[in-house]
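Have a look at the structure below before the remarks.
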Amino acid sequence: MARILIVDDNADLADNLAEILELAGHRCTTVGSVEAFAREWPRGPWSAVVCDMMLTDGTGCDVVAATRGSDGPPPVVLWTAYADDGRVEEALAAGALTRLRKPCDLERVVEFVERLCDEAAPGAAVCVDDPAQRIAVVDAVLDVTPWRPYVGAAGRRPLASPSGWTTAAVIAVAGAHVPGDVPGARRIELPAAASRYLAEHLSTAVS
Amino acid sequence: MSLIEDIQAYIGFDADDAEALAAFLPVARPHFPRIAAHFYDLILEHPSAHAAITGGTAQVERLKKTLVGWMESGLAGPHDEAYFEKRSRIGRVHVEIGLPQRFMFTAMNVIRLDFRDLVRTHLADAETAQRTSDALDKLFDMELAIMLGAYQADSEERLRQRERLAVVGQIAASIGHELRNPLGVIRSSSFLLGRYVDDEKAKRHVAKIDHQVERCSRIIEGLLELTRERPVTRSHVEIGPLVEEVTADLRESGVLSADVDVTFSAVDDGARAVDADPAMLRQVVSNLVENAVAAGAAQHVAVTARRTDEGTEISVLDDGRGFPAEVLPRAFEPLVSSRPHGTGLGLALVHAIARRHGGRAEAANRPEGGARVTVVLPRRAGP
Ligand code: HEM
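As you go down the protein sequences, you meet chains A and B in turn. If you count the first sequence from 1, position 132 lands on 132 in my numbering, and the numbers rise without skipping. My numbering runs 1000 ahead of the 1-based position in the second sequence.
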């Protein structure tokens, strides 16, 4: 059973997502603000965080930043409607794993969170210097491998998988900066082009 | 002061000029057909001007006659309000056929030089020749000023329309943003409801809610995409594999049924790939294929690509019913659709993406039936 923290100021939506994940056997806590998140966060450990971008007292960036302080932080998935908000990139750069779009990607959110919480699945660290491209790589990992994608600590600090995860591979998109060695990981270099190529490369890497 | 009086006052066109023109008319009249013929010969020799003449020899012959009439009435006068109205209308005809403004100057100059010649060879008296020559210059300047007025009115109208669209776009974008959250709740609630109810009838309604919410989302995403000024990030995109991918996606989502086939062919090897924004090009192909089959009658959809002097031309052809006549001229306008369930955004988005690449989109019905939409993506400027 995984513990998931949902941060969304739309309480109805947060509750619905929690209910859907609970039906799948997980435990969820919902909060509606950065402040409420800060209160709840220390009651972890959390398996994953699902977070909206626009919150009444701050943004998803604040949430991501708060999670990065810890060692081996859980993955943060942005679920947000604001497609062209520059802050999404900022949050991705700060270490959020990926972004999914409201309202369409509901099944995707559930699928994603389920995978992130699948304790039997090994992890795969995703290293892409361009945060926007990371979305495509993370999507490809979810679609064609059994791995749990995560990004290491933001910036140039060594990659640390969330506590208790083993690392199957380090996926680096051409030219990406890989912060450090991860024990037991295979390094996979991917071309920077379209997601289709990523998917092909990843599927051969798994088999 | 009316506009015609204003123009005449500036140019200094007065009763003496009108009189000089009227006196010259009987001398010049026999030469009008020759001048008109020369005028159209030069147009036909010039490829980009020739392009405006779509009706072949018959049209040229008709146009020569109208030009003779134009010379006749220009010299005869009176140069009053009614003349101004008539000339403005002629200006608008040229705007409507999309004739570039610069041709007005070059074409008027051809006429001006021919008349100058006529004066030189037919008016012996130096003073009369000078007076007539001046009057003709003023007349042709007046004609030009009126013609250009039509071009200006057109560009002002375009600007107004663009501003109107920009305002509508902003409103649409903010409404779109606001609607996403409630839609998210409806969607997740109906998802949960679908889990809780066993009743078949209830499940059917849940499915309908899902379907309609999905449609709302698509409309909103399309509107937002249309109003977003995302920069074009070009890279080398292979068109064939893209078409395959898009086709597979459309089949999976049920848009494209199994009995409709989609083919790709490149007319020449250079057209297998194009320098374009991959995500945008994907959207273009997806929207065009979806549009081709959405009317329901198409069995074959052919995507073709070819190189032209301009760049790469990608066409999507189908064998369906084609565009209804009333929709065709407005096919790329947002919210214009010939389908009861169409969002009216698919082709608008295609057009917007082509424009963002510096290109354009064209829609037509094929003589053999069905529709053809062509997107022209110019080669990137620079080295
Ligand atoms: C001094 C310049 C020009 C004059 C005085 C002139 C005069 C005219 C007149 C009197 C008409 C008829 C308008 C009506 O239907 O009421 C016309 C139409 C037209 N003109 Fe011109 N024109 C000029 C330049 C050009 C040029 C440079 C082109 C093409 C390259 C051109 C192409 C046409 C065409 C295609 C039409 C429409 C014919 C149709 O209705 O089928 N004109 N022009």
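Virtual Cβ for every residue (Gly too), placed ideally from N, Cα, C.
What are the residues that DSSP puts in a beta bridge with residue i?
| i | result |
| --- | --- |
| A:Leu100 | A:Trp79 |
| B:Asn1311 | It should be noted that the sequence gives Gly, not Asn, for residue 1311 of chain B. Beta-bridge pairing links B:Gly1311 to B:Pro1378. |
| A:Leu173 | One point to set straight first is that residue 173 of chain A is Val, not Leu, in the sequence displayed. DSSP, once it has assigned bridges, lists A:Leu190 as partnering A:Val173. |
| A:Pro149 | A:Ala124 |
| B:Asn1365 | B:Ala1371 |
| B:Val1276 | The sequence given here has Ala at residue 1276 of chain B, not Val. Note: B:Ala1276 sits in a beta bridge opposite B:Ser1235. |
| A:Ser203 | Per DSSP, none; premise fails for A:Ser203. |
| B:Val1303 | B:Phe1264, B:Val1316 |
| B:Arg1360 | B:Val1376 |
| A:Thr167 | A:Gly123 |
Kindly give me the distance between the Cβ atoms of residue i and residue j, rounded to whole angstroms, as I take these residues to be in contact under 8 Å.
| i | j | result |
| --- | --- | --- |
| A:Arg148 | A:Gly123 | 5 Å |
| A:Trp41 | A:Ile4 | Not a contact, Cβ separation roughly 13 Å. |
| B:Thr1195 | A:Leu13 | For clarity, residue 1195 of chain B is Arg in the given sequence; the question names Thr instead. That pair is no contact at about 17 Å. |
| B:Val1243 | B:Val1285 | 6 Å |
| A:Met53 | A:Leu78 | 6 Å |
| B:Val1267 | B:Arg1306 | 4 Å |
| B:Asp1210 | B:Ser1188 | About 11 Å; that fails the 8 Å criterion. |
| B:Gly1077 | B:Leu1021 | 7 Å |
| A:Pro191 | A:Ala176 | Not confirmed; about 11 Å, so no contact. |
| A:Val206 | A:Ile171 | At roughly 11 Å, the Cβ-Cβ gap does not stay under 8 Å, so A:Val206 and A:Ile171 are not in contact. |
| B:Phe1332 | B:Asn1365 | 15 Å between Cβ atoms; not a contact. |
| B:His1079 | B:Phe1013 | 7 Å |
| B:Ala1298 | B:Val1260 | 6 Å |
| A:Val137 | A:Leu198 | 6 Å |
| B:Ser1217 | B:Leu1183 | 6 Å |
| A:Val7 | A:Val49 | 7 Å |
| A:Pro75 | A:Leu116 | 5 Å |
| B:Val1301 | B:Val1289 | 6 Å |
| B:Leu1226 | B:Ala1352 | 6 Å |
| B:Ile1314 | B:Ile1239 | 7 Å |
| B:His1050 | B:Leu1044 | 5 Å |
| A:Ala140 | A:Thr167 | With 8 Å as the limit, A:Ala140 and A:Thr167 do not qualify as a contact, their Cβ atoms being about 17 Å apart. |
| B:Gly1344 | B:Pro1334 | 6 Å |
| B:Ala1028 | B:Leu1067 | The pair is not a contact, with the Cβ atoms about 13 Å apart (cut-off 8 Å). |
Could you tell me whether any Cβ in chain D is nearer than 8 Å to the Cβ of residue i?
| i | result |
| --- | --- |
| B:Val1293 | Here the protein chains are A and B, and chain D is not one of them. |
Review point. Which whole runs of the alpha helix (DSSP H) in the segment 3–62 of chain A are 4 residues long or more, in chain order?
Key: Taking only runs of at least 4 residues, the alpha helix (DSSP H) segments lying wholly in the segment 3–62 of chain A are 11–23, 34–40.
Review point. The segment 1178–1197 of chain B: which residues have C-beta closer than 7 Å to a C-beta of chain A, in chain order?
Key: Listed by position, the residues of the segment 1178–1197 of chain B near chain A (Cβ gap below 7 Å) are Arg1180, Asn1181, Leu1183, Gly1184, Val1185, Arg1187, Ser1188, Ser1189, Phe1191, Leu1192, Arg1195.
Point to revise | Against chain B: residues of the segment 13–35 of chain A by CB proximity under 8 Å | key: Answer in chain order: Leu13, Asn16, Leu17, Glu19, Ile20, Leu23.
Exercise for review: May I have all residues whose beta carbon comes closer than 6 Å to any heavy atom of ligand 2, sorted in chain order?
Suggested key: The model depicted lacks ligand 2 and carries ligand 1 instead.
Practice item. Kindly provide the ranges of any alpha helix (DSSP H) runs that are 4 or more residues long and lie completely inside the segment 1061–1147 of chain B, ordered along the chain. Key: The segment 1061–1147 of chain B contains these whole alpha helix (DSSP H) runs: 1081–1096, 1102–1122.
Practice item. Could I get the ranges of all uninterrupted beta strand (DSSP E) runs contained in the segment 1178–1251 of chain B, with 3 residues as the minimum, in chain order? Key: Listed in chain order, the complete beta strand (DSSP E) runs (minimum 3 residues) inside the segment 1178–1251 of chain B are 1235–1238.
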